[in-house]
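**Student:** What follows is a structure written as structure tokens; I'll ask about it next.
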Amino acid sequence: MTAIDHLPAEPVTRAPGLLRRLPTSGVAMCGLALILVWVLAAILAPVLPLDPPNKSFYAALAHSAPSAAHWLGVDKSGRDILARIVFGARQVLTVAPTAAIAAYLIGCPLGLLAGYYGGWVDAAISRLCDVILSFPIIILYVILISTIGPSVLNIVLAVVIAASPGIARIVRGLTLEQRHLDYVAAAQLRRESAVFIMLVELLPNCRGPLITDFCLRIGYTIITIGIMGFLGLGLPPPDPDWGTMVKEGTVMISVHPYVSLFPAIAIVTLVLGFNLLADGLRELALKE
Amino acid sequence: GTITGEPFAPPAAAEALPKGGTWRIGTRIKDIKSPHTFSWGEQSNVARQVVEYLTMTGDDNVTRPYLAESWDVSPDLKTWTFHIRKGVKWTKGDELTADHVIWNLKRCLDPAVGSSMIGLVKAYLLNEVTGPDGKPTTELWAPNAIEKLDDHTVRLNCKLPQVAVPEHLFHYPMSILHPDDKGVFGIGAQGTGPFELTEFDLGKRAVLKRRTGYWGGDAAIDGMEQIDIGDDPSASIAALASKQIDGLASAYPSQYDALKALTHLQYYDVKTAETGVMRMKTDTAPFNDARVRKAMRLAVDREALLQVALRGLGSVGADSHCSPVLPDYGTVAIPTRDVAAAKKLLAEAGHPDGIEADLVVPNDIDWFQPMAEASQQMWAEAGIKINLKPIPGASYWDVWTKVPFGITIWYHRPLCTMLLGLAYRTGVPWNESGWSNKEFDALLTQAEGTLDLAKRKEILAKLETIMEEDGPLVQPVFRNVFSFQDKRVKGYTAHPSNYFFGWMIGLDKA
Amino acid sequence: MIVLIARKLLSVILTLLLASFLVFAVSEFSPGNVARKTLGPYAPQESVDLLYQKLGLKDPLVERYGRWLGILLGLRADPLQDPALKLNFVDPRGARYFGNFGYSSLYKAPVNDVIWSRLGATAMLAGIAFAIIVPLSLTLGILAGMREGGLLDRTISVFGIVATSVPEFASGVFLVALFVVLLGWLPGTSPLTTGGGWPVWSQLVLPVSVLVLYDSGYLVRMVRGAMVDVMNRPFIRTAMLKGLSFPQVVLRHGLRNAMIAPFTVILLQINFLISGVVVTELVFAYPGFGRMILDASLFGDISLIEAATLIALCVAVTTQLLGDAGYALLNPQIRLR
Amino acid sequence: MTSPLLSVENLRVEYHGASGAVTAIPDLSFAVQAGESYGIVGESGCGKSTLLMALMQHLGRTGRIAGGRILFDGADLTAATRRGIAMVYQDPNAALNPTMTIGSQLAEVPMLVPGVGKREALDRARQILADVQLPNPERVMARYPHQMSGGQKQRVVIAMALLANPKLLLLDEPTTGLDATVEAAILDLISELRARHNTALIYITHNLGVVAQVCDRVGVMYLGDLVEEAPVRALFATPKHPYTRRLMACVPHLGSTKHSTSFLPIPGQPPSLARRPPGCPFGPRCDGFAPGRCDHPVPDETTEADHRVRCIRWAEPGATLAASAAPLAPSLPDDEVVLKAADMSTVYTFAGSGFRARKVRLLANAGLSFEAHKGGVLAIVGESGSGKSSFARVLSGLYPSSDGTLAFGGVDVGRRDVTQRTAAELAAIQMVFQNPDATLNPSHSTEFPLRRVLKKFGLAKGERAISAEVDRLFDLVRLPRGLRRQRPSRLSGGQKQRVAIARAFAAQPQILVADEPVSALDVSVQAAIVNLLLQIQADKRTTILFISHDLALVHHLADHVVVMYLGKVMEQGPVGRLFAPPFHPYTEALLSAIPVADPDAVQSRIRLKGDIPSPIDVPPGCRFASRCPRRIGDICDTIPPPLRDTGEGHEILCHIPVMTLSELQTKKNEFVFN
Ligand SMILES: Nc1ncnc2c1ncn2[C@@H]1O[C@H](COP(=O)(O)OP(=O)(O)OP(=O)(O)O)[C@@H](O)[C@H]1O
Ligand SMILES: Nc1ncnc2c1ncn2[C@@H]1O[C@H](COP(=O)(O)OP(=O)(O)OP(=O)(O)O)[C@@H](O)[C@H]1O
Ligand SMILES: [Mg+2]
Ligand SMILES: [Mg+2]
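If you're matching them up, the sequences are chains R, G, F and L in order.
Letter 84 of the first sequence, counting from 1, is numbered 110 in the working numbering, and no numbers are missing.
Letter 302 of the second sequence, counting from 1, is numbered 308 in the working numbering, and no numbers are missing.
Letter 44 of the third sequence, counting from 1, is numbered 114 in the working numbering, and no numbers are missing.
Letter 2 of the fourth sequence, counting from 1, is numbered 478 in the working numbering, and no numbers are missing.
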């Protein structure tokens, strides 16, 4: 061996990780900005100079249109729409991600088990997932929520039931892709437990598509919560729920369009934010 | 009501109405097979165009003769004699007789049929007995309780005095069917009314065509089409906006603004006793303490609730379920909000830190939620923490007599005594709150047996005061029943019970 | 081949069985009592109890499910039609026949009387929407994906992503506000009767638009993604370097490959459509299947829910099978294994 | 000299990516005469494909030609004149449209000429398929790409290129990824077609052997520069640029083994394009680097007619090292047998694909019997699909064997997989996998698997001890310790493979199974890894089971060779005996297919027909019979061949007697290893 063999090897410069490259994607940044606006609004809601969201301003009922006192107007109960939208963001931004995370907590292990073990485990899990995925999703939600009743917990539960099979399917696919890679064999050769291999070796490598899916899923969950609200199965009153607000406003859309317009815009922008972020992430992942 | 029937000739108005056209009205189309067991006004609105009632309570809450041409009552209010109108012809041509009427009355009072008439008349016409299977059931209190005097005269012999018998006979299941139809209604069913049912599509529409030879003179319109517009209030607005329907059977308070803005529509309303009672179960803590109940009442601002829940389209109530529009209403003062007093009462009742409870809100009545939400805010100021539990309207009926605290819709009844007797007398089936007050029961019985209106109003004032002090309700508002019709619809009036009558209507050419 | 079809069929049947049982199980948690709901609020408790018993609601879950299955398959007569029960339940088809979904407690009519006309109405709505969505989103998606990053791509992508971010209920109410209330061009509800002076086609415009907007947004993105993917594959380079013109490359080499991945997704849209239909039907008071399901669920009408989910599942599973078959046909790698 | 067919003058190619512009080719000139075959060699990433794509005027959205010009047939190359150039791509799988039949894809090309109709186009396609020696062109036309093997697909791609009647054919590593036997056939085909059509070729590859066989002139590329250009013989005889020399020192040198020489790998790796050195691009890696001279731009120098070199020190004697190095003092095998396979079989069962629903049994190893000695290198060679990896999986415990024994230290480990083996057994047999990208978990740092191994086998206790041990292992495989915490994605292929080796050695194995550990790597890196393995083996006296399809490499490093075909051992013996006649006909064919990096070498041309058949239904007789060029009759198809011992542990599984084989083969093979 010559001395030259010890020449320090220059590390291959490769694009940094997905999240660090995020700023290079305009689409993702637009999405992130939209989301951040809402997250900030939600966090700061208690300190912002807003009216209490559930307080009725009886005086404002006669002139419910947007005004200096109530920038986005008041609803049919005289409550400040702006305050309700901002406080509604708190609801949405806790329930939707919680539900999505809960769905992941169920879906990921199922998918990992199915993908890793294959055979009858896979068959059983896949069959169960197929069954649930065959349901038209809203019908599933309607049946679930209308029977178990609308509440934060139940909405989370419904999302878990409806969404985790989809997640399981994605994770299963990703696991199948990875399962036969040599690093899994290497882990087996040092006798790692199946749980270790699934969680430590396989799962982290599914994260790319899962991050994208997670964003999309939050967006879709927001829509779902909105639809539930719209169908009258929304989060319990009086705390503001965007879907319910749109629903309440639809009756007077011809005379006081702002009542449902603004919450609808809120839903659209927030969902758009998550969709854009997901799209940007996906583009970035593809560019790798 | 008025005890002796004023003469009443329904077709009189029809003379002046423009002829022809089909009146399309938006409503819900529910099952109509068994009129005697109807549970919903919408059901009766299809049937009532075909089959009719012995009496009719007008939009002024006065009950007048109808198929019964007139009636007499004994001074003790126990013997009611109804004279059936002569010359009323069924669709197939035979004449309406006392036998037909008695068949209908008996059928409605047969426990096997399961009509809600039983609840209404049980006190004065029925006895509770144990059936052959050991289950409690009912039977006529006396063999001659329903008595045929001649072919056109029917007498009711009551166990107890009752002033509201004519009103009861207009209760929507009490329609007079042809016995040949065996209690089943549908296309081709016989009736005495001005229309025939020609098409029926559950959940979609019902089509009625005018029939000739109606005893009151033929209706002005050719027919009517009742169209199911669903539960969604905005859908019906859109339907009206695009003139797919001429009017609504009834409008929701939440629709008012939007409908008011549609200039081709005419607004009709009527003050009623329809209300949502926030009733507390008096055998469940903390509501088993009258002071708590009173505190609940004191903490709400009725005027504000009227504005928020009903956009002002109603009147304030005094927690007695008795509406000033009813003829036997006894005038009492409307309580004003007093948070301090409420807190004090709570403290006396042993809740210095306030109380907490769930309020079950059926979500099919659009104004309950705003009322509940606003009340929640008001209560909160008095240290009463109320959590709202919305549930589907249909499910509410399963728990309406059970939940500790819930909002129940009570439709209009023409007499205060009717209402109080239905819901607040000790032990009656619909006493959803389980409230029991001996003094109240006694006074109510006294009122029911009092013919003189002025005296009755005095008793009712006492009853209302008892309810204000001790009763199970927070009942802050009464709702106006209202509706919108195209301006070309003539002759329409809003009926407190949301009934409508095709023979009243005429249509200007479009 | 026959074995394969048999296995597929068996798995479909298994799916349906499992799903229908799940629905039954979920309904266990339903608050309220169907008997009470059926008889209305003012019926005496005794009659409610009686009906409850007559309906067999107190039997164990599995027993009720078995009974339901037996009735559906025509193996046993629907006990509710027994005149002795005085429920007044009559089905002109008789009490025992294959495909007997039982009696709807909500509509008080045989489910088969209630469900098919609504399904027809919904099929029309969804069918028209589907017939527009598919060519529209294929065209847009391919146009966009053909030149990744171009102006057309960015415009279409923005449309796609915005469209998917607007839920049907939002687009529904705003379309109504605009076209019905403000402009008065279109009817606001779709009862599918011509009594209102609006022809049926005009009543379909808005509901179809709502469905098309939302679903095509999603599909456009899918197709675009697939197209971009294909256009970056080496064989496209081969085709270009052969000397083929760009349109030739897109049409001959890009298109078919780009269709393979979205094909199954397109058919899965049927599922999405059914979901979207619930909201749309509610907004436009459309006398369809979706609104019926909503009503049935809220009422707890288990027979109707079961029938509806079973039908919806059949549609979904059939489209999945079609999807698989079409996928195989499009993709020679599967077809000719 | 007539004007060249293609002349590239001062070509400059840039890529404009998201992270700024990089110059892939700074300034490149060369010319190709009509009918000439021009080879370009160089390490991965040196810009070979970029050059071809620039010639095809297809650099994608980010790439562009920033300077210089390309003349084709005396005129500027444009989209119109580009018609005269056709290209064959590296990966035939990806180059063909999976949803179109071969026929219609081929027919598109003639139809581009106005006036050529579909029928005529199909006729020409059929003809050209026959030209590229595809059997039964009519049926091939109706097939889809997935219904053909890799070699067949590459023939189709070549046919497609030829259909355009090109004057110049560009070939971008057309045989990489194919088996050596298939590669040899393709190379034969290319040479033959060139002779027939008189087409000029530009052939790019990283395999010097291939260049030696098919090219007249060769250019050596490094970092976008052509550092040396010469006629093929001159280049191989007197390489002048240090890079060329080092490159040649990395390929197995004929006639030498690990006992006589060792590889001389190029240190380091090419810098990234963004960090191009100011002077000689190879400067930083060159042992003859002269400060002050080599760090200024280097001009092209013509040393003799036709021989250009871009090195200012080319003429200085001793400026660079010799083309090979002294041996590493490799370990010699003991007599002690550490591993003994006796009649070992591996069966995969799986549900039949497609419409076949019954279970399928696939016999991946059919009765393997051989021994491995302590401290020796046992090589297993064979075409793709011959069951090499299956054996490795059984040995390491990833899959249980189904028959026979696999004795390790006297204990049968074959039937027991990882979950059943003891920790000691697991630790004793460790594995290095083929694909360096898949062998490290991209989510974990490079030290992670090492730490886990140490921990799981209890080889080091406590954070500090583990850390020290990891450092030691990094030193062992000559990786900078600074890479310990890096993610694998920041490592080059060679570095990753070093980590994989470190991981294997962390368990202090007695047997190291190396399943094609270098075949995915560049020659220079490959050389370094092989050296490293031999070095560690010499230190630790580990037994290495080296799985490879590269016979030349095996010849260099193995002590004992096992030749496998379709799951069966066809021939085995000590390396000296195996590479000399008598051979098994299969070994003979493999040998003759090796691309030897020597233009003067003469090899027998024994070419196998078709591809290795599926091991699902094998003939009852000799498994090789269907492709055997020396098949003697029906006996081969029906009767299993006998095992013939030629002494010294050399065994051949063949019906042909050893003597006959020996005679046949010495006569024919003028060139023989050793
Ligand atoms: N589109 C691109 N954008 C930026 N850089 C690129 C692009 N394509 C190639 N490169 C860079 O240009 C250099 C030359 O790449 P090229 O593919 O021509 O090398 P190569 O010699 O063909 O390598 P290999 O043997 O791996 O195929 C590499 O460093 C590569 O990273
Ligand atoms: N997990 C598996 N299931 C079924 N068949 C398999 C499996 N792994 C390998 N095979 C089959 O077993 C045979 C031998 O495969 P193996 O990977 O051992 O060959 P190899 O000599 O390593 O080939 P290569 O050079 O391509 O790596 C092949 O026909 C392959 O298709
Ligand atoms: Mg390349
Ligand atoms: Mg292998």
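Even for Gly, the Cβ is constructed at its ideal location relative to N, Cα and C.
#1: Check the Cβ of Pro517(G) against every Cβ in chain R and list those closer than 8 Å, keeping chain order.
#2: Quick one: what's Glu202(G) bridged to in DSSP?
#3: Any Cβ of chain L within less than 9 Å of the Cβ of Pro230(R)?
#4: For the stretch 913–931 of chain L, which residues have a beta carbon sitting closer than 8 Å to at least one beta carbon of chain R?
#5: Of all Cβ atoms in chain R, is any one closer than 9 Å to the Cβ of Val894(L)?
#6: Count the CB pairs spanning the stretch 243–250 of chain G and the stretch 244–255 of chain F that are closer than 8 Å, and state whether there are at least three.
#7: Does the stretch 204–214 of chain F come within contact of the stretch 360–377 of chain F, defined as at least 3 CB pairs closer than 8 Å?
#8: By the DSSP assignment, the beta strand (DSSP E) with Gly493(L) in it spans what residues?
#9: For Ser860(L), decide whether its Cβ has a neighbour in chain R, counting only Cβ atoms nearer than 9 Å.
#10: Considering only the alpha carbon of each residue, which of Tyr335(G), Asp187(G), Phe507(G), Ile233(G) lies closest to Ala355(F)?
#11: Between Ser439(G) and Thr288(G), is the Cβ-Cβ spacing less than 9 Å?
#12: Under the rule that 16 or more other beta-carbon atoms within 10 Å means buried, what is Ile83(F), buried or exposed?
#13: When you compare the CB of Arg291(F) with every CB in chain R, is at least one pair closer than 9 Å?
#14: What number of angstroms, rounded off, separates the C-alpha of Ile244(R) from the C-alpha of Lys81(R)?
#15: Verify the CB distance criterion: does Ala95(F) have a CB-CB separation below 9 Å to chain G?
#16: Indicate, with yes or no, if ligand 6 has a heavy atom lying under 8 Å from the CB of Gln630(L).
#17: Could you confirm whether any beta carbon from chain B is found closer than 9 Å to the beta carbon of Pro773(L)?
#18: Do Ile181(R) and Val121(R) have their C-beta atoms closer together than 9 Å?
#19: Apart from the five residues just before and just after Gly518(L), which ones in its own chain have a Cβ nearer than 7 Å to its Cβ?
#20: Which stretch, first to last residue, makes up the alpha helix (DSSP H) that contains Tyr143(R)?
#21: Measure the C-alpha to C-alpha separation of Thr733(L) and Ala725(L) and round it to an integer number of angstroms.
#22: Per DSSP, what are the beta-bridge partners of Pro142(G) in this structure?
#23: For Ala1157(L), does the three-state DSSP call read helix, strand or coil?
#24: Output the distance between the C-alpha atoms of Leu1084(L) and Val823(L), rounded to the nearest integer angstrom.
#25: Could you check what DSSP says for His717(L) in three-state terms: helix, strand or coil?
#26: Can you tell me which of the three DSSP states Pro707(L) falls into?
#27: Tell me whether Tyr824(L) counts as near ligand 2, meaning its Cβ is closer than 8 Å to at least one heavy atom of that ligand.
#28: Using CA coordinates, which residue listed in Arg326(F), Leu364(F), Gly370(F), Leu343(F) is at the minimum distance from Tyr397(F)?
#29: In the DSSP output, what is Gln403(F) paired with across the bridge?
#30: Cβ of Glu218(R) less than 9 Å from any chain L Cβ?
#31: Under 9 Å between the Cβ atoms of Glu533(L) and Arg558(L)?
**Tutor:** Reading it off the structure:
#1: Outside the modelled stretch of chain G, which goes from 7 to 516, sits residue 517(G), for which no answer is possible.
#2: Your numbering for residue 202(G) matches position 196 in the second sequence. DSSP lists Lys215(G) as the beta-bridge partner residues of Glu202(G).
#3: The count along the first sequence starts at 1 and reaches residue 230(R) at position 204. At least one chain L Cβ lies under 9 Å of Pro230(R).
#4: Taken in chain order, the members of the stretch 913–931 of chain L whose beta-carbon sits within less than 8 Å of a beta-carbon on chain R are Ala914, Thr915, Leu916, Asn917, Pro918, Ser919, His920, Pro925, Arg928, Val929.
#5: Locating residue 894(L) in the fourth sequence gives position 418, counting from the first residue. Val894(L) counts as touching chain R.
#6: With the cut-off at 8 Å, the stretch 243–250 of chain G and the stretch 244–255 of chain F touch.
#7: The stretch 204–214 of chain F, when compared against the stretch 360–377 of chain F, does not touch it at the 8 Å Cβ threshold.
#8: Looking up residue 493(L) in the fourth sequence gives position 17. Counting along the chain, Gly493(L) sits inside the beta strand (DSSP E) bounded by residues 482–493.
#9: Here residue 860(L) is taken as the residue at index 384 of the fourth sequence, counted from 1. Contact with chain R is absent for Ser860(L), since none of that chain's Cβ atoms lies less than 9 Å from the residue's Cβ.
#10: Mapped onto the third sequence, residue 355(F) falls at position 285. Per the Cα distances, Ile233(G).
#11: As a first step, residue 439(G) is located in the second sequence; it is residue number 433 there, counting from the start. As a first step, residue 288(G) is located in the second sequence; it is residue number 282 there, counting from the start. Yes, the Cβ-Cβ distance between Ser439(G) and Thr288(G) is below 9 Å.
#12: For the purposes of this step, residue 83(F) is taken as the residue at position 13 of the third sequence. The residue in question, Ile83(F), is exposed, as its Cβ has fewer than 16 Cβ neighbours within 10 Å.
#13: The residue given as residue 291(F) occupies position 221 in the third sequence. Under the 9 Å criterion on CB atoms, Arg291(F) is classed as interfacial with respect to chain R.
#14: To locate residue 244(R), count along the first sequence from 1; it is residue 218. To locate residue 81(R), count along the first sequence from 1; it is residue 55. Straight across, the Cα-Cα distance linking Ile244(R) with Lys81(R) is about 30 Å.
#15: Within the third sequence, numbered from 1, the residue matching residue 95(F) stands at position 25. Chain G contact via Cβ: absent.
#16: Because ligand 6 does not appear in the structure shown, any question about it cannot be addressed here, the ligands present being ligand 1, ligand 2, ligand 3 and ligand 4.
#17: The structure shown contains no chain B; the protein chains it does contain are R, G, F and L.
#18: On the first sequence, position 155 is the one that residue 181(R) refers to. On the first sequence, position 95 is the one that residue 121(R) refers to. Their beta carbons are under 9 Å apart, which means Ile181(R) touches Val121(R) by this criterion.
#19: As a position in the fourth sequence, residue 518(L) is number 42, starting the count at 1. Correct list, in chain order: Lys524, His682, Val696, Met697, Tyr698.
#20: Within the first sequence, numbered from 1, the residue matching residue 143(R) stands at position 117. Bounds of the alpha helix (DSSP H) holding Tyr143(R) are 107–143.
#21: Position 257 of the fourth sequence, counted from the first residue, corresponds to residue 733(L). Position 249 of the fourth sequence, counted from the first residue, corresponds to residue 725(L). Distance between the alpha carbons of Thr733(L) and Ala725(L) is about 13 Å.
#22: As a first step, residue 142(G) is located in the second sequence; it is residue number 136 there, counting from the start. Pro142(G) pairs with Thr136(G).
#23: In the structure displayed, chain L extends from 477 to 1150; residue 1157(L) sits before or after that span and is not available.
#24: Numbered from its first residue, the fourth sequence carries residue 1084(L) at position 608. Numbered from its first residue, the fourth sequence carries residue 823(L) at position 347. Approximately 26 Å between the Cα atoms of the pair.
#25: Here residue 717(L) refers to the residue found at position 241 of the fourth sequence. In this structure, DSSP gives His717(L) a state outside helix and strand, which the three-state scheme calls coil.
#26: Along the fourth sequence, one-based indexing puts residue 707(L) at 231. Residue state, collapsed to three classes: strand.
#27: Mapped onto the fourth sequence, residue 824(L) falls at position 348. Checking the Cβ of Tyr824(L) against ligand 2 gives yes.
#28: Walking along the third sequence from the start, residue 397(F) turns up at place 327. Nearest option by C-alpha distance: Arg326(F).
#29: Reading the third sequence from its first residue, position 333 is the one you call residue 403(F). Looking at the DSSP output, Gln403(F) shares a beta bridge with no other residue.
#30: Locating residue 218(R) in the first sequence gives position 192, where the first residue counts as 1. The beta carbon of Glu218(R) sits closer than 9 Å to some beta carbon of chain L.
#31: The residue given as residue 533(L) occupies position 57 in the fourth sequence. The residue given as residue 558(L) occupies position 82 in the fourth sequence. Reading off the sequence, residue 533(L) comes out as Gln, not Glu. Between Gln533(L) and Arg558(L), the gap from beta carbon to beta carbon is short of 9 Å.
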